[in-house]
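This report concerns only the one structure given below.
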Amino acid sequence: MIRQYELVERVRAYDPTADEDLLNRAYVFSMKAHGSQMRASGDPYFSHPLEVAGILTQMKLDTASIVTALLHDTVEDTVATLADIERLFGHDIMRLVDGVTKLSRIELQSDQTKQAENFRKLVLAMSEDIRVLLVKLADRLHNMRTLHYLNNPEKRKRIARETLEIYAPLAERIGIQRMKDELEDLAFSELNPDARDSILMRLAHLRTEGTGVVDRVMAELRDILDKNGLGAASVSGREKTPYSIWRKMHLKNVTFEQLSDIMAFRIMVDDSDECYQVLGIIHGRYHVVPGRFKDYISTPKPNGYRSLHTTVMGPERQRVEVQIRTRDMHEISELGVAAHWAYKSTQPVTLDSLQYRWLRELLDILEHAQKPEEFLEHTKMELFQDQVFCFTPKGDLIALPRGATPVDFAYAVHSAVGDTCVGAKINSRMLPLRTQLQNGDQVEILTSKAQTPSATWLELAVTGKARARIRRFIRLQQRTQYIDLGKALLQKLFRQEGYDFSDKAVDGVIKIFQAATSEDLYASLGAGLVSGREVFNAVFPGHRQQATSLQTVDEKIAAQNKARAKAKGLDSPLPIRGLFGGLAVHFARCCHPLPGDRIVGIVTTGKGVTIHTIDCETLDSFNDTPERWIDVAWEADAETAEIHVGRLAVILANEPGSLGTLSTVIGKNGGNITNLKITSRSRDLFEMLIDIDVKDVKHLTNIMAALRATPVINSVDRARSR
Ligand code: MN
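Counting from 1 along the sequence shown, just add 3 to a position and that's the residue number in this note's numbering.
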């Protein structure tokens with residue numbers, strides 16, 4: 004066990020200004036609080052927070068992190084309270100300890116890997132201060148190192164799986180490679196000890212009986228570096244970890260013997276210019292394996308990782324992976340966010356801190372990329388910064404401009420695919436057509452014969468080919484559709500005012516509107532250039548006077564109610580698709596209408612039609628213009644693959660496991676959390692807004708019903724805003 008003075012010395016070794024008194028008090032407080040509690044290993048419980056603190060000193064974290072590590076289990080497992088912590092250690096430490104305690108209450112409650120992504124998002128959303136996440140990761144690392152002491156095999160497996168699915172990827176995403184490797188290895192040895200042993204045995208065999216390839220390659224690399232005046236560069240050879248080898252064997256469906264790059268070589272130099280110099284030497288000396296070169300120096304990975312990767316046909320025609328980086332880059336790759344920040348910062352490092360902009364972007368990346376390491380594939384040399392490369396399901400590569408969406412992808416595959424696309428699976432996940440594609444995304448376009456290009460696609464498409472096709476289609480379709488819509492609007496207005504509609508009546512007034520034919524007038528109406536009321540008043544000039552002079556407030560309300568009742572009754576509703584195919588249809592952001600909701604359209608001059616739910620409060624502001632209301636309904640054929648965002652306002656109890664339960668229930672019911680915002684948190688309750696990708700309102704209602712049936716959830720409502 005680390006002694007009190009040892010811990011203080013370790014911290015002071017890298018941070019001479021560390022608050023010694025605070026560290027000492029935390030040490031004593033935690034030791035007393037845990038008292039005679041024991042770990043499964045038979046050690047005193049206090050050894051655990053102490054070891055966690057020790058792990059964090061290796062990462063050179065600040066005093067507050069070390070103190071938090073010492074105290075991290077006191078609130079959950081001893082009689083100490085948050086109030087005690089605040090009184091003795093101050094508000095900041097209390098906040099950090101509270102954060103770690105809350106994270107510890109989230110548990111992966113289902114075995115479905117599908118859930119992992121939602122959980123990772125949840126953990127990140129909960130970690131408002133990056134130090135909370137770092138302490139939690141160190142906590143998990145120590146628990147994994149001592150996992151074998153647990154007697155319950157079920158529990159061991161669950162913790163190992165959770166580590167593999169949640170915590171190792173999180174460590175990777177904040178760039179702590181060393182911790183990720185160790186977490187994976189510990190989990191692997193619990194979940195699949197035989198496979199791990201067998202791989203270790205073969206690695207050992209290669210080393211002893213092998214042909215000494217590693218040493219020869221290293222010697223040769225050393226030699227050519229020396230000859231080129233790069234004597235200061237260091238060369239090392241490294242085996243891949245058993246888990247990464249095992250995963251690769253599974254992924255590529257190959258045997259151990261068929262794996263070509265079990266060894267990786269690393270060359271470290273002093274500055275990035277030398278990195279490129281070394282690269283030039285290697286590429287000049289050996290044949291380059293195409294497609295394997297990656298320049299993470301000019302375009303670092305989202306987690307901050309920088310290095311050059313290349314694979315060459317090395318000595319004896321072996322494929323050899325070489326990583327080239329500076330020593331600084333190496334430190335960052337081993338320590339990640341901790342190296343950026345270490346003990347130097349006195350400010351709380353939150354997701355909002357400017358230098359952690361990328362961390363905030365992490366939530367976005369989590370949504371869009373299943374393999375962040377494939378996030379950026381392009382290279383400095385090839386100058387492809389402005390492009391993204393995506394794969395078809397068959398593995399064909401399609402290059403698109405940056406910012407391209409699945410609509411662009413669909414048109415790039417084939418015009419007919421573009422014209423009929425209804426949705427996209429990106430890396431096997433349904434994502435909206437507005438999603439921007441990222442390097443390495445695998446995109447599968449879903450099509451429907453019933454689909455036609457929509458004007459809204461013009462906002463989504465960036466490629467010339469897609470935009471030209473969409474415009475052409477709209478020009479052909481729009482006029483017919485405007486005519487149909489204009490006529491329908493006018494018929495409705497006539498009916499509402501108690502008149503029979505006839506084309507002839509309209510023919511009489513076309514000159515007033517400078518239209519050549521009644522169809523032209525309907526088209527202007529449909530396009531929102533002329534209002535139905537204007538045309539009606541022109542046809543019945545007398546009616547207008549009567550109506551305006553006699554209409555009382557009561558009558559107005561009666562008319563509105565009639566319009567609403569009618570809309571609610573949905574008599575002869577117009578399908579949204581078909582009639583408005585070429586017209587811009589907007590879904591109101593105030594009420595987030597979903598297929599299956601009762602809906603109403605509001606015609607907006609020059610903008611098209613905005614769809615609201617029938618109970619949306621925003622509709623009140625259109626009470627004075629009933630002629631702008633149109634009856635709409637969702638197409639009866641709800642077989643569209645389009646995904647809609649439903650927003651829920653949820654209040655749930657702030658108690659152990661409640662957030663995990665929430666995420667599990669949503670996932671079990673097929674919902675994918677795309678955004679999660681905690682709007683208020685108190686001792687007893689969390690209030691949050693959750694965006695969930697759903698198929699339709701029935702889907703969302705199912706999720707809501709399931710949530711309502713969950714004891715820890717106090718209330719669930721569709722979120723409505725003005
Ligand atoms: Mn712990």
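Note that CB positions come from ideal geometry on N, CA and C, so glycine has one too.
{"Check": "Backbone CA spacing between Gly-57 and Ser-451 [nearest angstrom]", "Outcome": "58 Å"}
{"Check": "Same chain, Cβ closer than 8 Å to Leu-729, neighbours up to 5 away in sequence not counted", "Outcome": "An answer regarding residue 729 cannot be provided, because it is not within the stretch 4 to 725 covered by the chain."}
{"Check": "Cα-Cα separation between Ala-174 and Lys-183, rounded to whole angstroms", "Outcome": "5 Å"}
{"Check": "Cβ contact check for the region 648 to 659 and the region 493 to 503: 3 or more pairs under 8 Å", "Outcome": "no"}
{"Check": "Residues near Glu-9 in its chain [Cβ-Cβ closer than 6 Å; skip 5 each side]", "Outcome": "none"}
{"Check": "Closer than 5 Å to the ligand MN: residues, by C-beta to nearest heavy atom, in chain order", "Outcome": "Asp-76 and Asp-142"}
{"Check": "Spatially closest choice to Ala-708 from Lys-671, Phe-32 and Val-325, by CA coordinates", "Outcome": "Lys-671"}
{"Check": "Complete alpha helix (DSSP H) runs within the region 686 to 722 (minimum length 4 residues, chain order)", "Outcome": "700 to 711"}
{"Check": "For Lys-251, the three-state DSSP class (helix, strand or coil)", "Outcome": "helix"}
{"Check": "Alpha-carbon spacing of His-595 relative to Arg-723, whole angstroms", "Outcome": "8 Å"}
{"Check": "Of the residues Asp-218, Ala-16, Thr-77 and Val-257, the one placed nearest Tyr-30, counting alpha carbons only", "Outcome": "Thr-77"}
{"Check": "Secondary structure of Trp-460, DSSP reduced to three states", "Outcome": "helix"}
{"Check": "Exposed unless 16 or more other CB atoms sit within 10 angstroms - verdict on Thr-616", "Outcome": "buried"}
{"Check": "Where Cys-278 sits in the DSSP three-state scheme", "Outcome": "helix"}
{"Check": "Exposure label - Val-14; buried when at least 16 CB within 10 Å", "Outcome": "buried"}
{"Check": "Residue of Arg-134, Asn-154, Met-266 and Met-332 minimising C-alpha distance to Ser-726", "Outcome": "Since the first residue shown for the chain is 4 and the last is 725, residue 726 is missing from the structure and cannot be characterised."}
{"Check": "First and last residue of the uninterrupted beta strand (DSSP E) at Ser-239", "Outcome": "237 to 242"}
{"Check": "Neighbour-count burial assignment, Asp-298, 16 or more Cβ in a 10 Å radius", "Outcome": "buried"}
{"Check": "Limits of the unbroken alpha helix (DSSP H) element including Met-62", "Outcome": "Per DSSP, Met-62 belongs to no alpha helix (DSSP H) and is neither H nor E."}
{"Check": "Contact check, Thr-81 vs His-151, beta carbons under 8 Å", "Outcome": "no"}
{"Check": "Inter-residue Cα distance where the pair is Glu-223 and His-312", "Outcome": "18 Å"}
{"Check": "Residue environment, Ala-67, which counts as buried when at least 16 other CB atoms sit within 10 Å", "Outcome": "buried"}
{"Check": "Where Asp-600 falls: helix, strand or coil (DSSP)", "Outcome": "coil"}
{"Check": "Residue interval of the alpha helix (DSSP H) (run including Met-204)", "Outcome": "196 to 211"}
{"Check": "For Asn-675, the first and last residue of its enclosing beta strand (DSSP E)", "Outcome": "675 to 684"}
{"Check": "Cβ shell of Lys-251 (< 7 Å), same chain only, five flanking positions each side left out", "Outcome": "Leu-262"}
{"Check": "Lys-452, DSSP secondary structure in three states", "Outcome": "coil"}
{"Check": "First and last residue of the uninterrupted alpha helix (DSSP H) at Asp-523", "Outcome": "521 to 529"}
{"Check": "Opposing strand residues paired with Arg-219 [DSSP bridges]", "Outcome": "The partner list for Arg-219 (beta bridge, DSSP) is empty, contrary to what the question assumes."}
{"Check": "Exposure label - Pro-751; buried when at least 16 CB within 10 Å", "Outcome": "Nothing about residue 751 can be reported from this structure: the residues present for the chain run from 4 to 725 only."}
{"Check": "Beta-carbon separation (whole angstroms), Gln-326 vs Ala-267, contact threshold 8 Å", "Outcome": "6 Å"}
{"Check": "For Val-533, the three-state DSSP class (helix, strand or coil)", "Outcome": "coil"}
{"Check": "Contacts around Ser-527, its chain only, beta-carbon distance under 6 Å, and the 5 residues preceding and following it disregarded", "Outcome": "Val-533"}
{"Check": "CB of Met-271 within 8 Å of CB of Arg-328, strictly", "Outcome": "yes"}
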